[in-house]
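Asks: Each number in the numbering used here comes from the position in the sequence shown (counting from 1) with 16 added on. Virtual Cβ for every residue (Gly too), placed ideally from N, Cα, C. One structure, pasted below without further comment.
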Amino acid sequence: MAADLDHIQQKLKQFAHERQWDNYHSPKNIAMALTVEAAELQEIFQWMTEEESLRLNTQKLQAVKHEIADVFLYLLTISRVLDIDILKAATEKLALNEIKYPLDKARGNAKKYTEL
């Protein structure tokens with residue numbers, strides 16, 4: 017997967033560079049764009065029931081795929097701009113979450129870690 021991720025990151029960097037967008041890719045701008053894309057993903061599910069959100073038609077599923085990809089690409093971009101190893105950061109965060117949400121307290125419980 018790391019090789020695939022590196023390939024995507026290189027393609028993404030090339031895509032932006034060819035369009036001379038590098039000067040627009042500040043952490044602030046990317047974070048704002050990421051939020052917009054996440055909101056577009058959320059908008060697809062707005063007003064759906066829980067059940068409807070689990071049974072998407074082909075058109076809705078394609079829209080979800082595109083928005084997830086947009087969010088993912090912005091995450092890759094901001095991690096590149098800030099020189100963050102995204103896979104290492106995710107691994108570290110999972111380890112922190114294991115501490116914050118111990119199995120004996122968090123299993124089957126949706127409460128925030130501060131309320132466990």
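Which residue spans inside the stretch 59–115 form an unbroken alpha helix (DSSP H) run of at least 4?
Replies: Correct list: 66–70 and 74–97.
Asks: Under the three-state reduction of DSSP, which class applies to Pro118: helix, strand or coil?
Replies: As a first step, residue 118 is located in the sequence shown; it is residue number 102 there, counting from the start. In the structure shown, Pro118 sits in coil (DSSP, three-state: anything other than H, G, I, E or B).
Asks: Are at least three pairs of beta-carbons, each pair with one atom in the stretch 64–78 and one in the stretch 30–50, less than 8 Å apart?
Replies: Short answer: they don't touch.
Asks: With a 10 Å radius around its C-beta and 16 neighbouring C-beta atoms as the bar for buried, classify Tyr90 as buried or exposed.
Replies: The sequence position of residue 90 within the sequence shown is 74, counting from 1. Classification of Tyr90: buried, given that the 10 Å Cβ count is 16 or more.
Asks: By the 10 Å Cβ neighbour count, where 16 or more other Cβ atoms means buried, how is Ile115 classified, buried or exposed?
Replies: Numbered from 1 along the sequence shown, position 99 holds the residue referred to as residue 115. Exposed, since its Cβ has fewer than 16 Cβ neighbours within 10 Å.
Asks: Looking at the structure shown, is Leu21 part of a helix, part of a strand, or coil, going by DSSP?
Replies: Your numbering for residue 21 matches position 5 in the sequence shown. Reduced to three states, the DSSP call for Leu21 is helix.
Asks: When the Cα atoms are used, what is the spatial distance from Met64 to Thr93?
Replies: The residue given as residue 64 occupies position 48 in the sequence shown. The residue given as residue 93 occupies position 77 in the sequence shown. Approximately 31 Å between the Cα atoms of the pair.
Asks: Under the rule that 16 or more other beta-carbon atoms within 10 Å means buried, what is Ile46, buried or exposed?
Replies: For the purposes of this step, residue 46 is identified with residue 30 of the sequence shown, where counting begins at 1. Flag for Ile46 reads buried.
Asks: What number of angstroms, rounded off, separates the C-alpha of Ile102 from the C-alpha of Ala111?
Replies: Taking the sequence shown and counting its residues from 1, one reaches residue 102 at position 86. Taking the sequence shown and counting its residues from 1, one reaches residue 111 at position 95. Taking the straight line from one Cα to the other gives about 14 Å.
Asks: Using a Cβ-based criterion (distance less than 6 Å to any ligand heavy atom), does Lys27 qualify as near the ligand ZN?
Replies: The model depicted lacks the ligand ZN and carries no ligand whatsoever.
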